[in-house]
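The sequence shown: position 2 = 15 (the working numbering), numbered continuously.
For each residue, glycine too, the CB sits at the ideal point set by N, CA and C.
Remember, it's a predicted structure, so these values are computed and weren't measured experimentally.
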Amino acid sequence: MRIRLLLGLALLATGLLAGAFGYGAANLVPTFNAVPLDMRLTFHAELMKMNGITMQAAMAVSTLSSLTLATLTHGRARLIAATAALLTLASFLITRLGNVPINGRIKQWALTTPPADHAEILQRWELFNNLRTFTALTAFALLITLALTRPPTGPKQP
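Below you can see the structure in the form of C-alpha cells.
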C-alpha cells in the first residue's frame, strides 16, 4: 500500500511538472514570441516571480518521491523509478543552471534596455526550456508505464 501511495505522489508531482513545462513550451513561448519585446520581458519577469516556489516544489517532490520509490522497489520498477528521478533532477539542474540565470537578465532588461544579442540569449532560454520539458515529460511517461505495468512491490520478504 505504501508503494502505491508513493507511486501516486510521484505521478501527481511529475504530472504537474510535465504539464506546467509542456503548457509553457506549447503556449507561453509562442505567445512570448508573438508580442512586442517590452511586453514579453515584463510578462516574463512577472511570471518568473510566481513560478519560483511552485516549480521548485514540483521538481523537489517529483525527484524525492521517484527516488524514494526506487529505493523501496526492486528489479525493473527500481530502474524505471530511478530513471524518472534522474530525469526530474535533470529538469531542476537545467532550470537552475540554464533558465534561472537568463531569467535574472530578463528582469534587468524589463527595467532597462535589452542588449544587442538579446534574441540569441532568448533562444538559449527556449532551448533550455525545451530540454527541461523533455526530461519532465519523459519522467512522467516512465512513471505512467510503471503504474500501468504490474504494480511495483517492495523488497522481497525472507
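Environment of residue i [buried if 16+ CB atoms lie within 10 Å]
i    : result
R145 : buried
A103 : buried
L112 : In the sequence under discussion, the amino acid at residue 112 is Asn, which differs from the Leu named in the question. Buried, since its Cβ has 16 or more Cβ neighbours within 10 Å.
N40  : exposed
T101 : buried
T158 : exposed
L150 : buried
Continuous alpha helix (DSSP H) stretch holding residue i: start and end
i    : result
P127 : First-last for P127: undefined, no H or E at that position.
A39  : No alpha helix (DSSP H) holds A39; DSSP gives it neither H nor E.
L92  : G88 to I107
N112 : N112 -> no alpha helix (DSSP H), and no H or E assigned at all.
M52  : L50 to L85
T151 : H131 to L161
TODO: State whether the segment 67-85 contacts the segment 123-137, with contact taken as three or more CB pairs (one from each stretch) at a distance under 8 angstroms.
DONE: no
Open item on the list: Using a Cβ distance threshold of 8 angstroms, determine whether the segment 62-77 contacts the segment 26-33, with at least three qualifying pairs required.
Closed with: yes
Task: At least three beta-carbon pairs within less than 8 angstroms, the segment 55-69 to the segment 106-123 - done: yes
TODO: Mind the definition here: the segment 14-31 touches the segment 127-142 only if three or more C-beta pairs lie below 8 angstroms; say whether that holds.
DONE: no
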